[in-house]
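Protein chains: 2
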Amino acid sequence: MLKLSRLTDYAAVVMAQIARHSQASHAAAELAEAVQLPHPTVSKTLKMLVRAGLLVSQRGAQGGYRLARPASQITAADIIAAIEGPVAMTECSQAEGDCELVATCGVADNWQRVSLAMRTLLESVTLAHLADTAPIKLPVQLPIQTISLSAASA
Amino acid sequence: MLKLSRLTDYAAVVMAQIARHSQASHAAAELAEAVQLPHPTVSKTLKMLVRAGLLVSQRGAQGGYRLARPASQITAADIIAAIEGPVAMTECSQAEGDCELVATCGVADNWQRVSLAMRTLLESVTLAHLADTAPIKLPVQLPIQTISLSAASA
DNA sequence: TTTATACAGGACTAAAATGGTACTCAATTG
DNA sequence: CAATTGAGTACCATTTTAGTCCTGTATAAA
């Protein structure tokens, strides 16, 4: 299905929740309550987001989590990467291309172009968009054509 | 990683192999040999592709698999859907939206827009592109902006 | 300084998806 | 009929995913 993992989904929801009240610090328990998910799971997700540099944490009483930077500067690709690792459609489109089938494959290059286009799409969607209850209304010029499809055009 | 499953990857490679010699019928064993993958696995993949209507099969001696329609009319989204089911990024962007968290979620709509944009992207890449050893050189106008991003613009 | 709060890190387990195999049946050709 | 080749099904092993728990550590407030 080319689906996000459930944790990634949670991460997006939690991030959106924080983004909607970005002044305050949010404790894990409070967030879990707000989004109606089990505390430990939310906690785990939050830790991953901190490690990825999307959130900052403050220990102790009155502590909690806050966005590391404005919601408009955090992308869907960032959130996905924080939980699942870098966006890549196939083994071989990752850094360590240790696929032994390169010789017989014959589609690797083109998959990588598609992969890149998808990544670009996900980078064009920010947390600010996701958190907004209104539909995404970017007047963005998606550079899709530029990137992959005209890479070696005629 | 938002990665394709390995079987989907195999499917793409096998489809590309068939597409490059689309006149002949191809036995499962022959294809497995050509792409250097285990026979039973390739066989399984082929059956899924037949069930999805992307290949047609012919039993008996001299039988094998052929494309059900021209490579230019088979999309990456078709191949992915054949193996993994419909492209959808989250539970709730599928047909049976049985997610109980709709109330507290607050990002569902926007995820769906992103999901739709990705699907459109994948539909714009055909098997003919994938099978071509040259880079994709579509002069395609990707309708991404149209679909999701300006859906409710301004 | 004590205490309550709240995050950090890691170990562990249960469940599910994935990938791969084997075996039997059905159809076609010659 | 015999050889070939796909169809269908059931099964198993592995990996991934999700979720829990426990112990440690930093911070703030009383």
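Chains as they are written, first to last, in the working numbering: chain A, 2 to 155; chain B, 2 to 155.
Ideal Cβ positions, reconstructed from N, Cα and C, are used throughout, including at glycine.
Within its chain, find whatever has a CB closer than 6 Å to the CB of Gly61(B); leave out the 5 residues flanking it on each side and keep chain order.
On the second sequence, position 60 is the one that residue 61(B) refers to. Cβ within range, chain order: n/a, list empty.
Chain B contacts made by the region 72–98 of chain A, where a contact means CB separation under 8 Å:
For the region 72–98 of chain A, which is checked against every Cβ of chain B, the residues closer than 8 Å are Ala77, Ile81, Glu85, Gly86, Pro87, Val88, Ala89, Met90, Thr91, Glu92 and Gln95.
Thinking C-alpha only, which one of Lys4(B), Gly86(B) and Leu47(B) is nearest Leu68(B)?
Mapped onto the second sequence, residue 68(B) falls at position 67. Taking only the C-alpha atoms, the option nearest Leu68(B) is Leu47(B).
Rounded to whole angstroms, what is the Cα-Cα separation between Gln18(A) and Ser116(A)?
Residue 18(A) sits at position 17 when you count from the first residue of the first sequence. Residue 116(A) sits at position 115 when you count from the first residue of the first sequence. About 29 Å.
Check whether the region 33–44 of chain B touches the region 36–55 of chain A, taking contact to mean three or more Cβ pairs, one atom from each stretch, closer than 8 Å.
no
Report the neighbours of Gln37(B) on chain A: residues whose CB is nearer than 7 Å to its CB, in chain order.
The residue labelled residue 37(B) in the question sits at position 36 within the second sequence. Ordered by position in chain A, the residues that pass the 7 Å Cβ test against Gln37(B) are Leu102 and Thr105.
Give the single residue among Leu8(B), Glu34(B), Gln59(B) and Ser73(B) whose Cα lies nearest to the Cα of His130(B).
By 1-based counting over the second sequence, the position of residue 130(B) is 129. The option with the nearest alpha carbon to His130(B) is Ser73(B).
Flag this pair as yes or no: are the beta carbons of Ser23(B) and Gly65(B) separated by less than 7 Å?
Sequence index remark: in the second sequence, residue 23(B) carries index 22 (1-based). Sequence index remark: in the second sequence, residue 65(B) carries index 64 (1-based). Cβ distance not < 7 Å, so Ser23(B) and Gly65(B) don't count as in contact.
Met16(A) classed as buried or exposed, judged by whether at least 16 other C-beta atoms fall within 10 angstroms:
Counting from one through the first sequence, the residue named residue 16(A) turns up at place 15. Met16(A) should be labelled buried.
Does Ala109(B) have its Cβ less than 7 Å from a Cβ in chain A?
The count along the second sequence starts at 1 and reaches residue 109(B) at position 108. With its beta carbon at least 7 Å from every one in chain A, Ala109(B) lies outside the interface.
Reduced DSSP secondary structure (H/G/I, E/B, other) of Val88(B)
Start at 1 with the first residue of the second sequence, and residue 88(B) comes out as number 87. Val88(B): coil per DSSP, three-state reduction.
When the Cα atoms are used, what is the spatial distance from Ala30(A) to Val57(A)?
Working through the first sequence from its first residue, we reach residue 30(A) at position 29. Working through the first sequence from its first residue, we reach residue 57(A) at position 56. Separation of Ala30(A) and Val57(A) (C-alpha to C-alpha, rounded to the nearest whole angstrom) is 16 Å.
For Ala12(A), which three-state DSSP category applies?
Sequence index remark: in the first sequence, residue 12(A) carries index 11 (1-based). Residue state, collapsed to three classes: helix.
Determine whether the Cβ of His22(B) lies closer than 7 Å to any Cβ atom of chain A.
Position 21 of the second sequence, counted from the first residue, corresponds to residue 22(B). Judged by the 7 Å Cβ criterion, His22(B) is not in contact with chain A.
For Gly54(B), count the other beta carbons within 10 Å of its own beta carbon; 16 or more makes it buried, fewer makes it exposed. Which is it?
One-based indexing of the second sequence puts residue 54(B) at position 53. Exposed.
I'd like the list of long-range same chain contacts for Val88(A), defined as Cβ closer than 8 Å, with 5 residues on each side in sequence excluded.
As a first step, residue 88(A) is located in the first sequence; it is residue number 87 there, counting from the start. Closer than 8 Å at Cβ, skipping near neighbours: Ala78, Ile81, Ala82, Ser116, Met119, Arg120 and Leu123.
Across which residues does DSSP place Gln59(A) in a beta bridge pair?
Stepping through the first sequence from its first residue, residue 59(A) is reached at position 58. Bridge partners of Gln59(A): Gly65(A).
Going by beta carbon distance, what residues of the same chain come within less than 6 Å of Cys100(A), once the five residues before and after it are set aside?
Taking the first sequence and counting its residues from 1, the one referred to as residue 100(A) is at position 99. Excluding residues within five positions, the ones whose Cβ falls inside 6 Å are Glu92 and Cys93.
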